[in-house]
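Enquirer:
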Amino acid sequence: MEIQVVTELLLSKPTLRYRIARRIRNAYRYDTAFWRFAIAGPWGAGMFAFGLLALGMPTGLGSPVDLLLFLLAGTLGLYLTAHITALLLALIGLPIPRLFTGAVLFDFAASFVIFYSNEVALPAALVIAAVISLAGISAGLLAGTLASRRLRRRHKAAASLMAALLAAIAAIWPFAASPGSGSAVPAYQGVQSAGIWEAGEADGDKARDVASSDAAASSAAVPSLAELLDSPAEPGPYEVSTFTYGSGNDAWQPEYGEAVDITSGTVDASAYIKKWSIYRTAYWGFNQRALPLNGRVWMPVAAEEQDHTNLGNSATDSHTRYPLVLIVHGNHLMEDFSDDGYAYLGELLASRGFTVVSVDENFLNYSVWTGIPDNDMKVRAWILLKHLQQIGVFADEPGNPLYHKIDFTRIGLAGHSRGGQAVAMAADYKDWFADDAELISSLEDVQIQAVAAIAPTDKKVDGKYTQLKDVSYLTLQGARDGDVSDFDGDRQYMRTSFSPGTDRFKASLYIGDANHSQFNSSWGGRDVSYPKGILLSRNGMLSPSEQRSIAKVYISAFFEETLHGTATGSNASGLASATTTDSGHSRYLPLLQDYRTGLAWLPDTVYYNRFESSTFTAWARYDEDFNRLSLPGGGKASGSNLTWKEEEAKNRQNGTKPSRGIVLERKSSSNDPSAYTLSWEQGAPLPTGGPPEELAFSLTDRSFELADEQTPDAALASGSVKVEVELTDGNSTSVRLPLKRFMEIEPLPVTSFTIHPWLERHLSGGKYKHPTEAVYQTYRLDLADFAAANPSFDPNTGIQRLTFYLNGGAAKLMLDDIGVY
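Using the UniProt record's numbering, you'd call the opening residue of the sequence shown number 1 and step up by one each time.
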């Protein structure tokens, strides 16, 4: 009996509570020394992701502090996740290294959340999380191996060498993995007008060199301004005085706080801003009712003033008044200040005789922690106008360095990104702020003559867009802009118009290898913030100094023309103005008309530019109606052997632009030339100043749209069409010349924005999936060349007919703004 009781006790099953406790006690049983050392790998991979997150979510305390805080948070998260996972796996009873497994799971989950919450599509976020996790596993296995006492030193050295090699390959892979992920210059293939050659598989730098050589060849007949003038990017004759003005209460930027040179007022924007976070107030120390007017000033100092350059008396010894240029940044992370990023422009322009102010609007920018104020676009423009008011007060204060130093009849505005849209709105202030009588009255003597926009946005505000009238306009855009990927400045260009005789012009420049951020020296090289920014490719991109040199050349030339020069844009012969004007007026106008005149000043990439002045006489703009057969002035249009229709211009995302054009599509099966003709029985409209001297039109090659499954390379074959232009004068004498005699039709840039083609469709809602945008190039054809080809041709008798002939294979072109000077 006693033996039976003992036996039953020995064979009884342990209780559930006992078994759970035992498994918990043995939770770390499989986490041997090897696997504990191996946790270093997942930790490093996870902290890499958290480091990217820290750079994309600045607190304002500085990057070192941000990194420390996020790495501590990430480490704590990994620690807790690893131990919780170990306990759960112990309860399940899986015989695996549980802490290590928990660390890997943390990497995967954290990386996925970090990227997925930053506009990375679900499939891409999963793949990125898997890659980071696998990298952590690999590094962990290596760490455990190297820490093992059983492994010989030579084996450890070999493992370390192999790991270093794999790390190098991983670092290089994003830049070498995808053909075309480099330079955004055109991908030439097949037969070109200059000969038969192939460069479709060239790397970025080689392709850029080829494109630059081609551009140089096509500009052989175009005189270089460099032979006549110094570069507008060269410093001028003035010394430069630099100072700041501000509220004096800025806790984050001492140059506007305790170290400010001149104290300015604040302005109440509560009539426009209703949504202002209390956390934003806590950060800045003010709300929308007391926005500061902060600015960095670069002011020219003439030779006779250079002995009196202190702030107290520099303004009292000379009556020289300088044009004023305000520069404003766009929307960047609020805590990463932007207004100091245009010092390169401020110093240059001041040395050339402009007073320049970089306006601080950081308090209107987006923050991960507080969002962005409502109606920020309108307030950005309003703040600029308030700066003009404040500078007007300074200019009337004896002893102020700006006292009697500003010529308010010569005001220029320049902006970048949202700032580029804000300056256009500010120039049109009578429309945008029509209800603010006090503001309009205070600016009665202020004349905004010119607006320059770098990669501007073009968002609808209050249900409308800016319509610039009788203000000169310049816009620059990079084909590799990963932020404002559409050429929105072209939209504002199209909405800029002039009254006859107003001596104004508009110009644009599209730059093959420029991005968005490098126009601001403080924004770094990535167009979007981390962590997503790491997925954008920089291979083949212009260097920061190269990209900013383009801005210096064009913005300096533009303001020289509009604020120092006569800015008429009326000299039809272009380059002649550079040598015939004793006062120096209009000396850089040819550069704005044709980029080829300034290639000696510009870095090697491809360029496309548009230009139109108030002296332009339009023959066809295609915006007056939807009848493709009729033209203004009693003209008629016809086409043969092609498909032709009027259509709205489109951007990279296939969104419409505010202008229509004529699309000419030629089929590949045709052996006969295709023709599009404009004719007038009584002659085409003539310029008011006399007979026409130049034919001008905008053209873009949309042949890349012809690509399909049967002809996938058609997208890379743009530029192969041969175009001829024929003019018939009033005596019915016709002359036909090849367009390439004046300028080649350059293929459009083909851009890969990301480090791998698969990512193009999986970032930011697919905004990078379109590699090419149809951008116009202005062609200017001197009628003297037609007369030289046939002396019987006489433009003085008027023009009765204009015909465009298309030869070669399949092609799709779009024309707009056809007319004469």
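Note that CB positions come from ideal geometry on N, CA and C, so glycine has one too. Treat the numbers as computed from the prediction; the structure is a model and nothing was measured.
For L602, which of helix, strand or coil comes out of DSSP?
Expert: coil
Enquirer: Can you check whether the CB of D107 is closer than 7 Å to the CB of I84?
Expert: no
Enquirer: If the criterion is Cβ atoms closer than 7 Å, does the pair L759 and A124 meet it?
Expert: yes
Enquirer: Cα separation between L105 and A143?
Expert: 18 Å
Enquirer: Select from T263, Q288 and T266 the residue whose C-alpha is nearest the C-alpha of K275.
Expert: Q288
Enquirer: How would you write the range of the beta strand (DSSP E) that V528 sits in, first residue to last?
Expert: Premise fails: V528 is in no beta strand (DSSP E) and is neither H nor E.
Enquirer: For A21, does the count of other Cβ atoms within 10 angstroms reach 16, so buried, or fall short, so exposed?
Expert: exposed
Enquirer: Relative to the C-alpha of F34, which candidate in R149, R702, Y245 and E724 has its C-alpha closest?
Expert: Ranking R149, R702, Y245 and E724 by CA distance to the CA of F34 puts R149 first.
Enquirer: Taking 7 Å as the limit between beta carbons, can you name the residues of its chain near E397, skipping five residues before and five after?
Expert: Here the set comprises Y403.
Enquirer: DSSP on V775, reduced to helix/strand/coil?
Expert: In the structure shown, the three-state DSSP call for V775 is coil.
Enquirer: Helix, strand or coil, according to DSSP, for L763 in the structure here?
Expert: strand
Enquirer: Just to confirm, is the Cβ distance from K650 to T643 under 7 Å?
Expert: no
Enquirer: Check whether the Cβ atoms of L802 and S674 lie closer than 7 Å to each other.
Expert: no
Enquirer: Pick helix, strand or coil for G295, following the three-state DSSP scheme.
Expert: strand
Enquirer: Which residue comes first and which comes last in the beta strand (DSSP E) that contains P658?
Expert: T656 to R666
Enquirer: Helix, strand or coil: which one does DSSP assign to K506?
Expert: strand
Enquirer: Does the beta-carbon of P500 have 16 or more other beta-carbons within 10 angstroms, so that it is buried, or is it exposed?
Expert: exposed
Enquirer: With contact counted as at least three CB pairs below 8 Å, one residue from each stretch, are the segment 541-551 and the segment 346-363 in contact?
Expert: no
Enquirer: For residue 823, which residues of its own chain have a beta-carbon under 7 Å away from its beta-carbon, when the five flanking residues on both sides are left out?
Expert: Residue 823 lies beyond the stretch modelled for the chain, which goes from 1 to 821, so this question has no answer here.
Enquirer: Which one or two residues does DSSP pair with R459 in a beta bridge?
Expert: Correcting the residue type first, residue 459 is Lys in the shown sequence and not Arg. Under the DSSP definition of a beta bridge, K459 lacks any partner.
Enquirer: For A811, which residues of its own chain have a beta-carbon under 7 Å away from its beta-carbon, when the five flanking residues on both sides are left out?
Expert: Within the same chain, Cβ atoms closer than 7 Å to the Cβ of A811 are found at R666, S703 and V721, the five residues on either side in sequence being excluded.
Enquirer: Sort L413, M814, Q492 and R19 by Cα distance to I662 and report the nearest one.
Expert: M814
Enquirer: Indicate the three-state DSSP secondary structure (helix, strand or coil) for H416 in the structure shown.
Expert: In this structure, H416 counts as strand in the three-state DSSP scheme.
Enquirer: In angstroms, rounded to a whole number, what distance separates the CA positions of A121 and H332?
Expert: 23 Å
Enquirer: Taking N641 as the reference, which of S792, Y608, Y676 and R628 has the closest Cα?
Expert: Y676
Enquirer: Note down, in chain order, each residue of its chain lying with its Cβ closer than 6 Å to the Cβ of T15, except the 5 sequence neighbours on either side.
Expert: none
Enquirer: Okay, do the segment 535-547 and the segment 774-786 touch, 3+ Cβ pairs below 8 Å being the bar?
Expert: By the Cβ test, the segment 535-547 is not in contact with the segment 774-786, since fewer than three Cβ pairs between them sit closer than 8 Å.
Enquirer: For K459, I'd like the list of residues in its chain whose CB is within less than 7 Å of its CB, leaving aside the five on either flank, ordered along the chain.
Expert: M377 and Q421
Enquirer: Expressed to the nearest angstrom, what Euclidean distance is found between the alpha-carbon atoms of Y245 and T355?
Expert: Rounded to the nearest angstrom, the two C-alpha atoms are 14 Å apart.
Enquirer: Mind checking E444: buried by the 16 CB within 10 Å criterion, or exposed?
Expert: Answer is exposed; the Cβ neighbour count stays below 16.
Enquirer: Please report how far the alpha carbon of L602 lies from the alpha carbon of N515, in whole angstroms.
Expert: 16 Å
Enquirer: Under a Cβ-count criterion, where at least 16 other Cβ atoms within 10 Å of its own Cβ denotes burial, should W197 be classed as buried or exposed?
Expert: Interpretation of W197 is limited by its pLDDT of 26, a score under 50 that renders its predicted location unreliable; no figure is taken from the coordinates.
Enquirer: Buried or exposed: A637, going by 16 or more other Cβ atoms within 10 Å of its Cβ?
Expert: Around the C-beta of A637, 16 or more other C-beta atoms lie within 10 Å, and the residue is accordingly described as buried.
Enquirer: Quick check: what's the CA-CA separation for G482 versus Y768?
Expert: 8 Å
Enquirer: Can you check whether the CB of Q390 is closer than 7 Å to the CB of L293?
Expert: In contact: L293 and Q390 (Cβ atoms closer than 7 Å).
Enquirer: Taking the alpha helix (DSSP H) that T81 falls in, what are its first and last residues?
Expert: S63 to I92
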